[in-house]
Amino acid sequence: MEINEFVKHFADQFDDTDASEINTQTKFHDLDEWSSLLALSVLNMTEKKYGVNLSFDELKNSVLIQDVFNLIQSKQ
Amino acid sequence: MQNPYQLTNKCIFITGAASGIGRATALLCAGLGAKVIITDLNETTLLKTYELLEGEGHKYALADLTKEEDLIGLIDELPILDGFVSNAGIIKTILTQLGEKSDVEKILSINTIAPIHLTQLLLQNKKIKKDASIVYTSSMAGVFNGAIGNGLYGASKAAINGFVKSLALEVAPRGIRVNTVNPGITETNIYNNTSITPEQLESEKAHYPLGRFGKPEEIAMGICYLLSDTTKWMTGTSLLIDGGCTLI
Numbered sequence: 001m002e003i004n005e006f007v008k009h010f011a012d013q014f015d016d017t018d019a020s021e022i023n024t025q026t027k028f029h030d031l032d033e034w035s036s037l038l039a040l041s042v043l044n045m046t047e048k049k050y051g052v053n054l055s056f057d058e059l060k061n062s063v064l065i066q067d068v069f070n071l072i073q074s075k076q
Numbered sequence: 077m078q079n080p081y082q083l084t085n086k087c088i089f090i091t092g093a094a095s096g097i098g099r100a101t102a103l104l105c106a107g108l109g110a111k112v113i114i115t116d117l118n119e120t121t122l123l124k125t126y127e128l129l130e131g132e133g134h135k136y137a138l139a140d141l142t143k144e145e146d147l148i149g150l151i152d153e154l155p156i157l158d159g160f161v162s163n164a165g166i167i168k169t170i171l172t173q174l175g176e177k178s179d180v181e182k183i184l185s186i187n188t189i190a191p192i193h194l195t196q197l198l199l200q201n202k203k204i205k206k207d208a209s210i211v212y213t214s215s216m217a218g219v220f221n222g223a224i225g226n227g228l229y230g231a232s233k234a235a236i237n238g239f240v241k242s243l244a245l246e247v248a249p250r251g252i253r254v255n256t257v258n259p260g261i262t263e264t265n266i267y268n269n270t271s272i273t274p275e276q277l278e279s280e281k282a283h284y285p286l287g288r289f290g291k292p293e294e295i296a297m298g299i300c301y302l303l304s305d306t307t308k309w310m311t312g313t314s315l316l317i318d319g320g321c322t323l324i
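Encoded structure:
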């Protein structure tokens with residue numbers, strides 16, 4: 001699992017947010033486009049791309065995209 | 077007055093009986109005097125249901141309803157039935173754009189193909205008595221409303237409702253009735269191992285005019301109503317039990 005690839009997958013879930021705004025240190029909950037729909041999208045993506053099922057609560061408790069990456073790594 | 081909902085001496089086969097709505101239905105059927113045959117995947121929890129059954133003469137059988145050999149074995153063991161409750165099912169929340177063919181196949185195989193194929197086998201093997209009642213656990217979802225990420229589940233349940241309309245016509249000459257119950261969110265373990273959290277479920281309650289989710293026992297009441305002779309003139313219908321959720 002590679003961090004840059006993960007950031008790209010994360011960014012792919014967004015339609016209106018420029019990919020340049022999304023990096024490991026992005027506080028994704030603060031992005032204008034962030035919503036419960038995007039949260040589900042990220043959860044589905046982590047299952048499909050990394051075989052890891054995260055919960056909404058785990059995502060909610062993560063602040064940075066790096067935190068989500070670390071969480072997935074800890075569960076792989 | 078005799079209890080109009082009694083199921084005395086009726087023989088009723090229930091799938092997905094190890095927990096939730098299936099377990100509640102098995103217990104209520106037995107409580108109303110029926111002999112039940114229960115099936116599920118998990119032996120420990122299925123046995124728990126079996127041990128809780130009132131009365132005697134009940135049976136249980138482990139089976140994976142998506143496996144042909146298990147279905148054949150199950151059919152062989154079954155007596156002639158007065159009632160069949162097709163209840164086993166799974167839920168998966170996934171956005172359409174992130175889903176794969178395997179997701180579609182998995183949910184349809186358990187929620188749609190297995191119930192329909194099991195019905196085919198029961199009829200082919202003449203396991204359904206004249207004047208029997210068949211009840212499918214469908215859902216509010218897909219039939220009465222939609223929800224984000226719920227397309228596959230909704231499709232799997234709407235297919236059952238579609239199937240029932242034709243099956244009801246096909247077996248009506250033999251007095252066999254076919255109906256569905258369509259529950260709103262019910263407090264069962266079907267949401268375990270999904271990305272839906274207890275907290276999220278809690279916020280969903282705001283959509284329920286009656287202020288709460290259903291209890292498995294309340295859905296079981298609807299199923300037993302459809303199994304009983306009270307509903308001898310009901311067929312091809314969908315009994316929506318949703319706490320008023322689809323009103324708003």
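Quick mapping for you: the protein sequence lines, in order, are chains A and B.
Positions 1 to 76 (the working numbering) are the ones given, in order, by the first sequence.
Positions 77 to 324 (the working numbering) are the ones given, in order, by the second sequence.
No residue lacks a Cβ here, since even glycine has one placed at the ideal position from N, Cα and C.
These figures come from a predicted structure and were not determined experimentally.
Chain-ordered chain B contacts of residue i [CB-CB under 9 Å]
i	result
A:L40	T169, I170, L171, L174, I224, G225 and S271
A:L37	L171, I224 and G225
Cut-off 7 Å between Cβ atoms - residues of its own chain near residue i, not counting five sequence neighbours on either side
i	result
A:Y50	M1, I72 and Q76
B:Y62	Outside the displayed range of chain B (77 to 324) lies residue 62 of chain B, so it cannot be described from this structure.
A:V7	I22, N23, T24 and I65
A:E58	L71
B:I299	T101, V161, V211 and V257
A:V63	K27
B:G225	T169, I170 and L171
B:S95	T121, T264 and N265
Residues sharing a beta bridge with residue i, DSSP
i	result
B:F89	B:I113 and B:F160
B:I68	Residue 68 of chain B is absent from the model: chain B starts at 77 and stops at 324.
B:L316	B:N258
B:I204	B:L157
B:Y229	Note: B:Y229 sits in no beta bridge, so no partner.
A:L64	A:K27
B:L138	B:D116
B:N221	B:A217
B:G290	B:T262
Same chain, Cβ closer than 6 Å to residue i, neighbours up to 5 away in sequence not counted
i	result
B:L138	E119
B:C87	K111, P155, L157 and D158
B:H193	none
B:G131	A106
A:A19	A11
B:E293	A100
A:E47	N53
B:L129	A106
Beta-carbon contacts of residue i that lie in its chain and below 8 Å, excluding the five residues immediately before and after
i	result
A:E33	F14, D15, D16 and T17
B:M297	L104
B:N79	L108
A:L38	Q13 and F14
A:I3	T24, Q66 and F69
Contact list for residue i against chain B, beta-carbon separation under 7 Å
i	result
A:F6	What A:F6 touches in chain B: nothing, since even the nearest Cβ is about 15 Å away.
Contacts that residue i makes with chain B (C-beta to C-beta distance below 8 Å)
i	result
A:M157	Outside the displayed range of chain A (1 to 76) lies residue 157 of chain A, so it cannot be described from this structure.
A:K75	Residues of chain B passing the Cβ test: none, with the nearest at roughly 13 Å.
A:K48	L174 and E176
Within chain A, partners of residue i - CB distance below 9 Å
i	result
B:Q82	Chain A residues near B:Q82: none, gap ~44 Å exceeds 9 Å.
Amino acids of chain A, ordered along the chain, whose beta-carbon sits closer than 7 Å to that of residue i
i	result
B:E280	Those within 7 Å of B:E280 in chain A number zero; the least Cβ separation is about 11 Å.
B:E275	D57
Item to check | contact_flag[the segment 166-186 of chain B, the segment 114-122 of chain B] where n(CB pairs < 8 Å) is 3 or more | outcome: no
Item to check | Meets three-Cβ-pair contact criterion under 8 Å: the segment 171-182 of chain B and the segment 214-221 of chain B | outcome: no
Checklist entry - Are at least three pairs of beta-carbons, each pair with one atom in the segment 247-262 of chain B and one in the segment 308-316 of chain B, less than 8 Å apart? => result yes
Checklist entry - Is it a yes or a no for the segment 230-249 of chain B touching the segment 277-284 of chain B, going by three-plus beta-carbon pairs under 8 Å? => result no
Checklist entry - When the Cβ atoms of the segment 198-216 of chain B are set against those of the segment 245-255 of chain B, are three or more pairs found closer than 8 Å? => result yes
Item to check | Cβ contact check for the segment 46-60 of chain A and the segment 124-140 of chain B: 3 or more pairs under 8 Å | outcome: no
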